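Single-structure report; data block below.
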Amino acid sequence: MLAVIIGTFGVLNLVGGGWLILLGGSLFYAVAGLAMLVTAVLLWRRHAAALHVFAALVVGTVVWAWAEIGADWWPLVPRGDLIFIFGALLALPWTVKRLVPRTGWLRAAGPLAVALGAAVVFGAVALTRDVHNLDGTLPGPRNALAANLHGVPDDDWQAYARSWYGDKFSPLTQLTPANVGKLEVAWQLQTGDLKREGDPGETTYEMTPIKVGDTVYLCTPHNWVIAVDAETGKERWRFDPKIATSAKNMQHLTCRGVSYWDGVRAGASVGDCPQRIFLATNDSRLIALDPKTGALCRSFGQGGTVSLLPGQPHYNQGWYQVTSAPLVARGLVITGGAVFDNIATKVPSGVIRGYDAASGRLVWNFDPGNPDDTAPLGAGKQYTPSSPNSWSTPAADEALGLVYLPMGMGAVDQWGGHRPATTEKFATSVLALDIATGKPRWVYQTVHHDLWDMDVPAQPALVDLNLPGRGRVPALVQSTKTGNLFVLDRRTGRPIFPAPETPVPAGAAPGDHSSPTQPLSAISLMPAPAREKDMWGATMIDQLWCRIRFRSLDYKGAFTPPSLRGSLVFPGNFGVMDWGGISIDPVRQVIFAHPNYVAFVDRLVPRADDTDGPDERGPAGGSDRRGSQEAGYNPNTGAPFAVDMNPFLSFAGLPCQQPPWGYVAGIDLTTGKKVWEHKNGTIRDETILPLPFKLGVPSLGGPITTAGGVAFMAAAIDDYVRGYDTRTGKVLWRARLPAGGQATPMTYRSTASGRQFVVVVAGGHGSLGTRLGDHVIAYALPK
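The UniProt record's numbering puts the first residue of the sequence shown at 1, with every later residue one more than the last.
So this is what it looks like as structure tokens:
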């Protein structure tokens, strides 16, 4: 039986290895397959030479593995697990006795035993080393901590990122590296809003609550708004906008946050609700609520609601929705929206609009197809269809009078032959608009002629940098899916740290073109190019399959254009950094980031026609993408090509890339240097058994930092929230969550007790497949 098993794996390796050689890959698998076949034949004939042949294979495997990847445990596993197991079975006294009944075990199996011993030593060395760990210590405080930072009371968290500076930093100091390990649950609640039959697969809790005074405000996937007591978590009121979710082609169902406006402080004249909570909904409404009661503010719009649909072309239910919190600045509520990806070439506009926070009157609209005319659109007119949109959260500097928008793409993502240059100059960029008029001040494009869905996903983070020889510079830091961190002068959009145009792979599908260069920032978490030896698996068989797949794809490095054969997209469109973005500690002048490294495969699929009618194969008429916003067949109705996008996985469902897939990293903003980096997260919730192995897993959500020197983040797919030492990145505390924590935490100080709370939402994520729930949990030090 052992001969048959070894022979079978020998055939698989010999055939697959031969294929790999023809593709220009490693010789090892074919040689190993041949050695296994020889061993199997000798075993069948009960010849002792089988032991010696296999001993040579074990030694050869150790030497080859060392040469390819060194002493790195998890990449070693698929290279040697089957060979070691087969070797151990061959070395058993029972096996040896059947081969050479009249020869002693040591004489017959000695060489094999020595080879296996060498493999054990090699593995033990690899287990004790972490070649992916970068130790270092970021500097301590460099600036004085101002009271009421960015105009927000120290105790509060009044916007998605605490303030519209987007830095996700709290000036609170009660929690420190010395005491954060004592955090315990202070209160928790369940919203009652769970995924329903007919909801899209991308039904997720991505919400960061806000806290104003003694009340915490949160929202749910179905856009319920709930107000709770900040000290106890006791519910005060809830509002259900009863959104329409019946559309088969709704791409997302989520709410990342709500926004707060104090009309009295702003000096506005309001008829009711001098303070307001603003909610933007998945069915394209902007709603104003009384923060004390949850009642509609009737003086806003039509009875408390403004429709975002007037002027929208090509609207089908679910094709235009708002998933992020609107920005409130200088008496205006400013919002963009998400347009359905890759469904058709004719889709709604990416228009960005500013409304009067008191009346709901449209003050201006920025249409990328008509950027110079921002006066409110006239009755009966329409915005430019299919133009770049801004689906994520904006930032603002009210002193400069600018709002900063992370821009997405125009339709469709992987084929851009039809995109007009007039609108594409705003795609995949950071755009600064005048808050008062909506007029464009500057635009900085992070990817030219984007063919990879590298839309700018995260809220820009604003910080005043103290740079050697330059003094104080008002900066904007934009995290991106490519891993580039662009540091710009937020007054002008000019790079503070260099981002030279760099040659990238050429080639594009018929009718399209690719940009010859892309800007690459001096501050970057972009991964090194993928290599064949980076392929992974549970065994050498699926690792071999991944190597063959890698060699079969079009790949010349980052920005390899999509192709009909299929191209490897690395970084993938999941993003090195997605909507969770980064956190900046302005006192220490440092970045806390959580990069992900997950490759995708994009394959262009010729369409039978390029008409604009519905396509029953895709989301316009079916449900084959309901489980994920990032995977499956995307029809691109109206384009000559559809696109099939999937994570780069083996036939066993494991990533073809070797781990780690997720890290936390600390960057000194005054030098641009990465000072520390550590693997983040375990595979505990991705395996049948709760294995605690810290491989470094993907995360979706964001971090926050505090003046106390502690950062907090959930986000990883292993259902934990963690507290980190900001200076070193070391985990100081963690707590188990009842569901996936794919949301950014927040922190505040209770006016009732003076305690600092950390709040995280654990509701799970449809695309990532984490455990679903409806939990909101607050942690604090013991009373």
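Beta carbons: idealized from backbone N, C-alpha and C, even for Gly. Computed from a prediction, not measured in an experiment: that's the story for all the values here.
Check: Per the DSSP calculation, Cys656 is bridged to which residue(s)?; Outcome: Bridge partners of Cys656: none, in fact.
Check: What residue range does the alpha helix (DSSP H) around Arg547 cover?; Outcome: 540-552
Check: Confirm the yes/no value for this check: CB of Arg276, any heavy atom of the ligand ATP, distance under 8 Å.; Outcome: Absence of the ligand ATP from the depicted structure is noted, as is the absence of any ligand whatsoever, leaving it without description.
Check: What's the C-alpha gap between Val258 and Ala159?; Outcome: 8 Å
Check: What's the C-alpha gap between Ala113 and Gly16?; Outcome: 29 Å
Check: Tell me whether Ala159 sits in a helix, a strand or coil according to DSSP, three-state version.; Outcome: coil
Check: Could you say if the stretch 509-518 and the stretch 431-440 meet the contact criterion of at least three C-beta pairs nearer than 8 Å?; Outcome: no
Check: Please tell me whether Val705 and Asp578 are closer than 9 Å, where the distance is taken between their beta carbons.; Outcome: The sequence shown places Thr at residue 705, rather than the Val named in the question. No, the Cβ-Cβ distance between Thr705 and Asp578 is not below 9 Å.
Check: To the nearest angstrom, how far is the alpha carbon of Gly60 from that of Val131?; Outcome: 23 Å
Check: Count the other CB atoms within 10 Å of the CB of Gly471; is the residue buried (16 or more) or exposed (fewer)?; Outcome: exposed
Check: Taking only runs of the beta strand (DSSP E) that begin and end inside the stretch 679-729, which ones reach a length of at least 3 residues, in chain order?; Outcome: 704-706, 710-713, 720-725
Check: Going by beta carbon distance, what residues of the same chain come within less than 7 Å of Trp19, once the five residues before and after it are set aside?; Outcome: Ile548
Check: Relative to the C-alpha of Phe550, which candidate in Ala530, Pro562, Ile541 has its C-alpha closest?; Outcome: Ala530
Check: Candidates Pro495, Phe559, Leu362: which alpha carbon is nearest Gly301's?; Outcome: Leu362
Check: Measure the beta-carbon distance from Trp224 to Asp193 and round it to whole angstroms, keeping in mind my assumption that it falls under 8 Å.; Outcome: 6 Å
Check: Identify, in the order they occur along the chain, each residue of the same chain with its Cβ nearer than 8 Å to the Cβ of Glu532, setting aside the five sequence neighbours on each side.; Outcome: Gly25, Ser26, Arg547, Phe550, Arg551
Check: My output table needs one value for Asp262: the three-state DSSP class, helix, strand or coil.; Outcome: strand
Check: Rounding to the nearest angstrom, what Cα-Cα distance links Glu616 and Trp319 in this structure?; Outcome: With a pLDDT of 40 at Glu616, under the threshold of 50, the predicted position of this residue should be treated as unreliable, and no value is reported.
Check: Assuming Trp536 contacts Pro75 (C-beta within less than 8 Å), just tell me the rounded distance between them.; Outcome: 6 Å
Check: Among residues of its own chain, excluding the 5 on either side of Trp64, which ones have a beta-carbon nearer than 8 Å to its beta-carbon?; Outcome: Phe28, Arg79
Check: Can you grab the Cα-Cα spacing for the pair Trp452 / Cys297, in whole Å?; Outcome: 42 Å
Check: Would you kindly report the start and end of the unbroken beta strand (DSSP E) that includes Ala735?; Outcome: 731-736
Check: Under the three-state reduction of DSSP, which class applies to His775: helix, strand or coil?; Outcome: strand
Check: By alpha-carbon positions, which one of Gly166, Asn148, Thr103, Val504 ends up nearest to Ser397?; Outcome: One detail in the question is off: residue 397 reads as Asp in this sequence, not Ser. For the residues Gly166, Asn148, Thr103, Val504, the minimum Cα distance to Asp397 belongs to Gly166.
Check: What span of residues does the beta strand (DSSP E) with Val225 cover, start to end?; Outcome: 225-229
Check: Could you check what DSSP says for Trp319 in three-state terms: helix, strand or coil?; Outcome: coil
Check: Whole angstroms is fine: what's the gap from residue 784's alpha carbon to Gln478's?; Outcome: Past the boundaries of the shown model lies residue 784; the chain is included only from 1 to 783, so the question cannot be answered.
Check: Would you kindly check if the distance between the Cβ of Gly566 and the Cβ of Pro457 is under 9 Å?; Outcome: no
Check: Let me know the secondary structure DSSP gives Arg531 once reduced to three states.; Outcome: coil
Check: Tell me the residue span of the beta strand (DSSP E) that contains Trp442.; Outcome: 440-445
Check: Does the distance from the C-beta atom of Pro171 to that of Ala147 stay below 9 Å?; Outcome: yes
Check: Can you say whether Ala67 is buried or exposed, counting buried as having 16 or more other CB atoms within 10 angstroms of its CB?; Outcome: exposed
Check: For my contact list, Ile6 and Ala40 are in at a C-beta cut-off of 8 Å; report their separation, rounded to the angstrom.; Outcome: 5 Å
Check: Kindly indicate which three-state DSSP category Gly18 falls into: helix, strand or coil?; Outcome: helix
Check: Go through its chain and collect everything with a Cβ distance to Thr770's Cβ below 6 Å, but skip five positions before and after it.; Outcome: Ile717, Gly740, Gly764
Check: Per DSSP, what kind of secondary structure is Tyr29 in: helix, strand or coil?; Outcome: helix
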